[in-house]
Ligand code: N2P
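Residue numbers (my numbering): 104 to 473.
So this is what it looks like as structure tokens:
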């Protein structure tokens, strides 16, 4: 009777309307949209999540914080989980980009390393908006044999001299040089190398010495790109890359699997390097926030995140996962640095917007070489 007259349906709509007005969430469709860094998850992670929860994952990838930030700040991304790096997350929090996490929905939260959480609270007070996914460093990947051929046995592979002395880079340019297209990270490395504060808030440090150094290197840099270098290093198409730890180690592993005689190594230079944490966050306007929490909680399961670390060669921040991480990953000092190297690592602070604008302009100069 009700159906015939259509009241059932109308009542249903009315109830939904009242429910929404009261803030009662309707059941979400079994869907979650995940925007993650490229080469940053195990092959089976998302399929296993879907098998376990029945929630479908639409997966899309990026290789630049700037790209993610532009989308986030424009709003309406359609994504439910995104992965900004800690310092970027910090300023995006200030811009109101995220939804506060409901920790009652994160049963695995207690697995996270309390020391790392305390460090992250500098950018996210009370850890309200983000949980760490993976972390790594920004250093130098190189082709062992080609670098030796270009610079000899004494090639300074343990130092930023390798890529920040124009005379070295000039020789390496014959076999291909890749730099990340990550302005804040490369400028931080250049400043640190020059004995300046990698987190300088002094605009002249960027427009002056850091830009000058980068312009002197520019003629020898084959390209700026933040994901292509994995295959290029593995294939021997570039012989040196300023890049991310795990990506370079993936290149090492791909080269090994291909057995074409390419040997890739990763170095955290002795002058120090940037250490960063990538964060699981939920955009403020996410349409599937419940499922976003389920995905984040899933990624905090010890076996799950250990499986990701084992696959992508990045460290995680999950204390309970340690026993599931392969020995060779735990023992790899490119992934979990020695205490000596760790003491030299620096993290990125949230810089004033005015400094960020200076960095963006200076980076354009560096890339165009003018
Ligand atoms: C993974 C890139 C690592 C993320 N391809 C850098 N924050």
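Backbone N, C-alpha and C define an ideal beta-carbon position, used for all residues, glycine too.
What are the uninterrupted segments assigned as alpha helix (DSSP H) that are 4 or more residues long and contained completely in the stretch 178 to 219, given in chain order? 189 to 197
At a threshold of 6 Å, does residue 188 count as lining the ligand N2P (C-beta to nearest heavy atom)? It does: the Cβ of residue 188 is within 6 Å (strictly closer) of some heavy atom of the ligand N2P.
Tell me which same chain residues have a C-beta within less than 6 Å of the C-beta of residue 125, skipping the five on either side of it? Because residue 125 sits at a pLDDT of 49, beneath the cut-off of 50, its placement in the model cannot be relied upon, and the following sentence gives the value as read from the coordinates. Same-chain partners within the cutoff: there are none.
Would you check if the distance between the CB atom of residue 232 and the CB atom of residue 384 is smaller than 7 Å? yes
Do residue 140 and the ligand N2P come close, with the Cβ less than 6 Å from some heavy atom? Yes, the beta carbon of residue 140 sits closer than 6 Å to at least one heavy atom of the ligand N2P.
Bridge-paired residues (DSSP) for residue 163: Beta bridge pairing from DSSP links residue 163 with 138.
Residue burial classification, residue 335 (beta-carbon count within 10 angstroms, cutoff 16): buried
Figure out for me which residue from 466, 132 and 141 has the closest Cα to the Cα of residue 312. 466
Residue environment, residue 161, which counts as buried when at least 16 other CB atoms sit within 10 Å: exposed
Member of 374, 428, 365 and 454 whose CA lies at the smallest distance from the CA of residue 248: The option with the nearest alpha carbon to residue 248 is 365.
Is it a yes or a no for the stretch 210 to 224 touching the stretch 405 to 423, going by three-plus beta-carbon pairs under 8 Å? The stretch 210 to 224 and the stretch 405 to 423 touch, with no fewer than 3 CB-CB distances between them shorter than 8 Å.
Report buried or exposed for residue 346, applying the criterion of at least 16 other Cβ atoms within 10 angstroms of its Cβ. When all chains shown are included, residue 346 counts as buried.
What residue does the beta strand (DSSP E) around residue 281 start on, and which one ends it? DSSP places residue 281 in the uninterrupted beta strand (DSSP E) bounded by 280 to 282.
Cβ of residue 347 within 6 Å of any heavy atom in the ligand N2P? yes
Taking only the alpha-carbon atoms, compute the straight-line gap between residue 210 and residue 398 and give it to the nearest angstrom. 12 Å
Got a sec: does the ligand N2P put a non-hydrogen atom nearer than 6 Å to the Cβ of residue 143? Answer for residue 143: yes, Cβ within range of the ligand N2P.
DSSP three-state assignment for residue 380, whether helix, strand or coil: DSSP places residue 380 in strand when its eight states are reduced to three.
Excluding five sequence neighbours on each side, which residues of the same chain lie with their C-beta closer than 8 Å to the C-beta of residue 468? 314 and 318
Residue 118 versus residue 190: straight-line alpha-carbon distance, rounded: Residue confidence is low: residue 118 scores 43 on pLDDT, short of 50, so the model does not pin down where it sits. Its coordinate-derived value is still stated next. Approximately 43 Å between the Cα atoms of the pair.
Say the cut is 6 Å; is the CB of residue 183 nearer than that to a heavy atom of the ligand FMN? Among the ligands present in this structure, namely the ligand N2P, the ligand FMN is not found.
Please check if any C-beta of chain D sits within less than 7 Å of the C-beta of residue 239. Chain labels in this structure do not include chain D; a single protein chain is all it has.
Whose CA, out of 322, 167, 204 and 166, lies closest to the CA of residue 184? 204
How is residue 244 classed by DSSP in three states: helix, strand or coil? Three-state result, residue 244: strand.
According to the neighbour-count rule (16 or more other Cβ atoms, all chains shown, within 10 Å of its Cβ), is residue 223 buried or exposed? That one is buried.
Excluding five sequence neighbours on each side, which residues of the same chain lie with their C-beta closer than 6 Å to the C-beta of residue 158? These residues qualify, in order along the chain: 133, 135 and 394.
CB-CB under 7 Å to residue 340, same chain, minus the five flanking residues each way: which ones, in chain order? Once the five neighbours on either side are set aside, the close Cβ partners of residue 340 are 279.
Residue from 440, 408, 430 and 357 whose Cα sits closest to the Cα of residue 144: 408
Buried or exposed: residue 304, going by 16 or more other Cβ atoms within 10 Å of its Cβ? exposed
Whole runs of the alpha helix (DSSP H) within the stretch 364 to 409, excluding any shorter than 4 residues: 392 to 402
Whose CA, out of 425, 324 and 164, lies closest to the CA of residue 283? The candidate whose alpha carbon is nearest that of residue 283 is 324.
Enclosing alpha helix (DSSP H) for residue 466 [first to last residue]: 456 to 471
Under DSSP, the alpha helix (DSSP H) around residue 345 begins and ends at which residues? Element bounds for residue 345: not the alpha helix (DSSP H) but the beta strand (DSSP E), 343 to 347.
Contact test: residue 350 Cβ vs the ligand N2P heavy atom, cutoff 6 Å: Answer for residue 350: yes, Cβ within range of the ligand N2P.
Taking 6 Å as the cut-off, does the CB of residue 544 come closer than this to any heavy atom belonging to the ligand N2P? This structure gives no information on residue 544, because the portion of the chain shown stretches from 104 to 473.
Residue 170 and residue 140 - do their beta-carbons sit closer together than 7 Å? no
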